[in-house]
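Student: Structure incoming, see below.
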Amino acid sequence: MLKNKMKHRLPQLERLKVFERAATFLSFSQAADQLCVTKGAVSYQVRKLEEELGTQLFKRGVRQVLLTDDGQVLLKSVLRAFAELEGSLLQITRHADHCVIRIAATTYVAARWLSRRVARFSEKSPKASFIFQHSVNDHDFNLDGVDIAIRWGACSTAIDGSRWRELPMPLFAAGCPALVKKYALARKTVLPGEVPLLCEHREQDLWGELFSGQMLSNPRHIIADANVRVQAAIDGQGLIMADAMMQMELDTGLLVSPMDRRLTGYGYIFMLPRKEVLTPLQYSFLDWLEVGPTETETAST
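Structure (structure tokens):
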């Protein structure tokens with residue numbers, strides 16, 4: 002009985018959406034750009050969908066991916082189903098209130114940067130209603146129906162496509178005073194190999210970039226949640242890759258930045274997955290976000 006139920010269970014909508022983008026572009030990279038996720042996240046979702054269906058959907062080459070016969074069949078069905086679903090949703094919501102703003106952001110960004118701005122905007126525009134999609138990291142985002150997405154990544158000089166704005170934030174090493182004193186980091190020009198480093202799973206080795214030219218063999222603790230990493234650094238578990246959103250901990254002395262190195266070129270990227278259908282109120286909120294960081298959010302130098 003269970004086996005029969007499993008046979009008719011539909012795959013996750015998010016995986017079908019990722020498949021549709023990848024199949025339409027025949028490119029995992031282009032699909033990732035449009036969905037505001039990494040290429041690795043697209044590859045992961047496609048692989049899980051193939052495992053769930055028990056068939057290969059793409060022929061993977063060195064420079065290109067092509068659809069298999071099963072992939073072509075699925076793409077036709079998915080496009081037809083999505084078009085029908087979108088039409089139904091438009092019909093249902095055409096008289097709906099246009100005061101809703103849907104935002105996708107990590108819990109770290111939401112708590113440390115976004116929350117106060119939403120509160121101030123709500124005072125200015127009391128009719129605005131917010132729906133938040135929070136996740137621990139950017140890879141978990143499902144951007145279906147999201148108006149504004151805030152994700153961390155490499156900054157670019159070109160703002161196009163769904164990219165609306167970038168908020169560059171230099172990265173720097175920070176730790177609790179006891180850990181800094183233990184390893185005498187304030188007097189070091191290179192990072193001692195025994196200092197633990199707090200990290201998350203990323204394609205980029207940010208510690209390696211920050212201490213470029215130095216072969217790092219430090220023990221690394223992987224902590225996915227940035228808020229948990231901050232607390233771990235305060236508790237002395239290791240050095241954290243800090244940015245200006247940790248200014249409160251720096252100002253209060255819970256964390257200190259003992260070394261002068263700064264890693265630039267990264268920051269927070271504001272994406273508009275549905276910019277062609279944004280309402281005047283949603284654009285008003287974007288104008289509100291254009292205001293620069295407050296004095297408490299300016300990176301220490």
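2 is the number of the first residue of the sequence shown in the working numbering; add one for each residue after it. Virtual Cβ for every residue (Gly too), placed ideally from N, Cα, C.
1. By Cβ distance below 7 Å, which residues in the same chain neighbour G194 in space, the five residues on each side in sequence not counted?
2. List the endpoints of the continuous beta strand (DSSP E) containing L198.
3. Which whole runs of the beta strand (DSSP E) in the segment 151-236 are 3 residues long or more, in chain order?
4. Is it buried or exposed, Q215, if we count other Cβ atoms within 10 angstroms and call 16 or more buried?
5. For a quick check, are the C-beta atoms of A234 and C177 less than 8 Å apart?
6. Roughly how many whole angstroms lie between the Cα atoms of T25 and A33?
7. Quick check on R10: does DSSP put it in helix, strand or coil?
8. Report, in whole angstroms, the separation of the C-beta atoms of A129 and F271, which I expect to be a contact under 8 Å.
9. Could you check if E291 is buried or exposed, using at least 16 other CB atoms within 10 Å of its CB as the buried criterion?
10. Please state if the CB of G72 and the CB of L58 are separated by a distance shorter than 8 Å.
11. Please confirm whether L168 and Y269 have their CB atoms less than 8 Å apart.
12. Count the other CB atoms within 10 Å of the CB of T39; is the residue buried (16 or more) or exposed (fewer)?
13. Give a yes or no on contact between the segment 196-208 and the segment 275-283, applying the rule of three or more CB pairs nearer than 8 Å.
14. Is the segment 253-261 touching the segment 116-130 in the sense that three or more CB pairs, one from each, lie closer than 8 Å?
15. Determine whether the beta carbon atoms of V43 and L36 lie at a separation below 8 Å.
16. How long is the line joining the alpha carbons of L192 and G239, rounded to whole angstroms?
17. Could you give the DSSP three-state label for L273: helix, strand or coil?
18. Between R61 and C156, what straight-line distance do the alpha-carbon atoms span, to the nearest angstrom?
19. DSSP has L67 in a bridge; who is on the other side?
20. For R117 and Q248, I'd like the C-alpha separation in whole angstroms.
21. To the nearest angstrom, report how far apart R121 and I151 are at their CA atoms.
22. Less than 8 Å between C-beta atoms, sequence neighbours within five positions excluded: which residues of the same chain meet that for G237?
Tutor: Judging by the given coordinates:
1. For this step, residue 194 is matched to residue 193 along the sequence shown. Around G194: S218, N219.
2. As a working mapping, residue 198 is identified with position 197 in the sequence shown. Here the beta strand (DSSP E) through L198 covers 198-200.
3. Restricting attention to beta strand (DSSP E) runs no shorter than 3 residues, the segment 151-236 encloses them at 164-169, 173-175, 198-200, 221-223, ordered along the chain.
4. Stepping through the sequence shown from its first residue, residue 215 is reached at position 214. Counting Cβ neighbours within 10 Å, Q215 comes out exposed, since fewer than 16 surround it.
5. Locating residue 234 in the sequence shown gives position 233, where the first residue counts as 1. Locating residue 177 in the sequence shown gives position 176, where the first residue counts as 1. Yes, they are a contact pair.
6. Stepping through the sequence shown from its first residue, residue 25 is reached at position 24. Stepping through the sequence shown from its first residue, residue 33 is reached at position 32. When rounded, the distance between both Cα atoms is 12 Å.
7. Reading the sequence shown from its first residue, position 9 is the one you call residue 10. DSSP places R10 in coil when its eight states are reduced to three.
8. On the sequence shown, residue 129 is found 128 positions in, with the first residue counted as 1. On the sequence shown, residue 271 is found 270 positions in, with the first residue counted as 1. Not really, about 18 Å apart at Cβ, beyond 8 Å.
9. The count along the sequence shown starts at 1 and reaches residue 291 at position 290. The residue is exposed, with fewer than 16 neighbouring Cβ atoms inside 10 Å.
10. Position 57 of the sequence shown, counted from the first residue, corresponds to residue 58. Position 71 of the sequence shown, counted from the first residue, corresponds to residue 72. In contact: L58 and G72 (Cβ atoms closer than 8 Å).
11. Walking along the sequence shown from the start, residue 168 turns up at place 167. Walking along the sequence shown from the start, residue 269 turns up at place 268. A contact, by the Cβ cut-off of 8 Å.
12. For the purposes of this step, residue 39 is taken as the residue at position 38 of the sequence shown. Label assigned to T39: buried.
13. no
14. The answer is no - the segment 253-261 does not touch the segment 116-130, with fewer than three Cβ pairs under 8 Å.
15. Start at 1 with the first residue of the sequence shown, and residue 43 comes out as number 42. Start at 1 with the first residue of the sequence shown, and residue 36 comes out as number 35. The answer is yes: Cβ separation under 8 Å.
16. Along the sequence shown, one-based indexing puts residue 192 at 191. Along the sequence shown, one-based indexing puts residue 239 at 238. Those two C-alpha atoms are separated by around 12 Å.
17. As a position in the sequence shown, residue 273 is number 272, starting the count at 1. Here L273 carries a coil assignment [DSSP, helix/strand/coil].
18. Counting from 1 along the sequence shown, the entry for residue 61 is found at position 60. Counting from 1 along the sequence shown, the entry for residue 156 is found at position 155. Their Cα atoms are separated by approximately 29 Å.
19. By one-based count along the sequence shown, residue 67 stands at place 66. Per DSSP, K60.
20. Numbered from its first residue, the sequence shown carries residue 117 at position 116. Numbered from its first residue, the sequence shown carries residue 248 at position 247. Cα to Cα, R117 sits roughly 15 Å from Q248.
21. Indexing the sequence shown from 1 puts residue 121 at position 120. Indexing the sequence shown from 1 puts residue 151 at position 150. Going from the Cα of R121 to the Cα of I151 covers about 18 Å.
22. The residue given as residue 237 occupies position 236 in the sequence shown. These residues qualify, in order along the chain: G176, C177, A179, L180.
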